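S.K.: Position in the sequence shown (first residue = 1) + 16 = the numbering used here. Note that the Cβ used here is the ideal one computed from N, Cα and C, for glycine as well. None of the values given here were measured: they were computed from a predicted structure. Below you will find the structure I want to go over with you.
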Amino acid sequence: MPENESPDVVLTAIRAEQARVVLLDQVLSQAPPEQVMEHATDLGIELGGRRSVLVVGTVSTAVLERLRDAALLVGVRNGTIVAIVSGRVPRGAETAGLGRPGLGVTGIRTSFGEAARALEVASRLRLRGVVPFADVLPEALIGQDRETLRELVELTLEPLQSNRHGGPHYIETATTWLQEGLSVAATARALDVHERTVRYRLARIAKLTSLDLQHADDRFRLELALRGARLLDAASD
Numbered sequence: 017m018p019e020n021e022s023p024d025v026v027l028t029a030i031r032a033e034q035a036r037v038v039l040l041d042q043v044l045s046q047a048p049p050e051q052v053m054e055h056a057t058d059l060g061i062e063l064g065g066r067r068s069v070l071v072v073g074t075v076s077t078a079v080l081e082r083l084r085d086a087a088l089l090v091g092v093r094n095g096t097i098v099a100i101v102s103g104r105v106p107r108g109a110e111t112a113g114l115g116r117p118g119l120g121v122t123g124i125r126t127s128f129g130e131a132a133r134a135l136e137v138a139s140r141l142r143l144r145g146v147v148p149f150a151d152v153l154p155e156a157l158i159g160q161d162r163e164t165l166r167e168l169v170e171l172t173l174e175p176l177q178s179n180r181h182g183g184p185h186y187i188e189t190a191t192t193w194l195q196e197g198l199s200v201a202a203t204a205r206a207l208d209v210h211e212r213t214v215r216y217r218l219a220r221i222a223k224l225t226s227l228d229l230q231h232a233d234d235r236f237r238l239e240l241a242l243r244g245a246r247l248l249d250a251a252s253d
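Written as structure tokens, this is what we have:
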């Protein structure tokens with residue numbers, strides 16, 4: 017304890033921190049919003065505007081201290097660090113999920129749920145840094161029904177994966193082609209192959225899967241299966 021701080025000052029600081037921890041629990045629980053707002057006002061914390069929630073998967077003193085400097089409220093909850101932020105989001109190398117800004121206590125709770133789901137997906141896919149919920153929304157959605165997802169992946173990709181000669185290349189080419197906006201030239205550059213090779217592989221993919229890659233619905237099914245395969249592979253590691 018620093019020499020210039022009296023025991024009373026330290027005790028007051030400890031009690032204030034404890035009160036903030038209680039408030040964070042109230043915000044994220046089922047406590048009546050009006051009760052939470054009243055408690056926040058008593059502590060001089062403004063929760064009435066649009067706020068986002070950041071959930072960090074790494075619990076450490078360093079992360080806690082960094083977030084305390086930038087967050088309205090921060091604390092440890094269920095093995096994660098939860099921070100309610102306004103405006104600029106503090107960023108670090110740790111994997112973290114970020115919910116969309118929400119209005120008031122109800123909006124904060126929604127943002128917290130999104131942030132937790134974003135962290136779950138980001139952890140499975142081994143993503144680093146702050147991962148907004150909007151960026152992994154498709155994965156969060158398709159990951160809710162694991163059995164149906166597994167069936168989709170098997171039905172769509174099994175013909176490619178079981179092909180002895182081109183299986184891995186077909187998966188890589190399909191993924192890159194979709195990521196590159198269906199551009200054969202960009203896909204060829206990314207894979208360091210000739211454009212003719214990309215066209216040949218796409219033709220084989222279409223034949224093996226019985227999908228029409230010129231049709232938006234079929235491309236959507238293919239992309240859904242590829243994203244689902246990444247989630248399932250990550251979960252099995």
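What does DSSP give as the partner residues of isoleucine 187 in its beta bridges?
M.R.: Residue mapping note: residue 187 aligns to position 171 of the sequence shown, counting from 1. Beta-bridge pairing links isoleucine 187 to no other residue.
S.K.: Distance, Cα to Cα, asparagine 94 vs leucine 44?
M.R.: Translated into positions along the sequence shown, residue 94 becomes position 78. Translated into positions along the sequence shown, residue 44 becomes position 28. Roughly 12 Å separates the two Cα atoms.
S.K.: Restricting to Cα atoms, I'd like to know which of Glu50, Arg243, Val105 is closest to isoleucine 187.
M.R.: In the sequence shown, residue 187 corresponds to position 171, counting from 1. Of Glu50, Arg243, Val105, the residue nearest in Cα terms is Arg243.
S.K.: On a Cα-Cα basis, can you pick out the residue from Glu196, Ala201, Leu207 that is closest to histidine 185?
M.R.: For the purposes of this step, residue 185 is identified with residue 169 of the sequence shown, where counting begins at 1. For the residues Glu196, Ala201, Leu207, the minimum Cα distance to histidine 185 belongs to Leu207.
S.K.: To test your reading of the DSSP string, which unbroken alpha helix (DSSP H) runs of 4 or more residues are found completely within the region 135–176?
M.R.: Entirely contained in the region 135–176, the alpha helix (DSSP H) runs reaching 4 residues are, in chain order, 153–158.
S.K.: Tell me the DSSP secondary structure of arginine 66 in three-state form.
M.R.: Taking the first residue of the sequence shown as position 1, residue 66 is located at position 50. Arginine 66: strand per DSSP, three-state reduction.
S.K.: Compute the distance between the beta-carbons of leucine 114 and proline 154, then report whether it is under 7 Å.
M.R.: Mapped onto the sequence shown, residue 114 falls at position 98. Mapped onto the sequence shown, residue 154 falls at position 138. Cβ distance not < 7 Å, so leucine 114 and proline 154 don't count as in contact.
S.K.: In angstroms, rounded to a whole number, what distance separates the CA positions of arginine 237 and threonine 172?
M.R.: Translated into the one-based positions of the sequence shown, residue 237 becomes position 221. Translated into the one-based positions of the sequence shown, residue 172 becomes position 156. So the two alpha carbons sit approximately 8 Å from each other.
S.K.: Would you list the residues sitting across from glycine 118 in a DSSP beta bridge?
M.R.: Numbered from its first residue, the sequence shown carries residue 118 at position 102. Per DSSP, Arg67.
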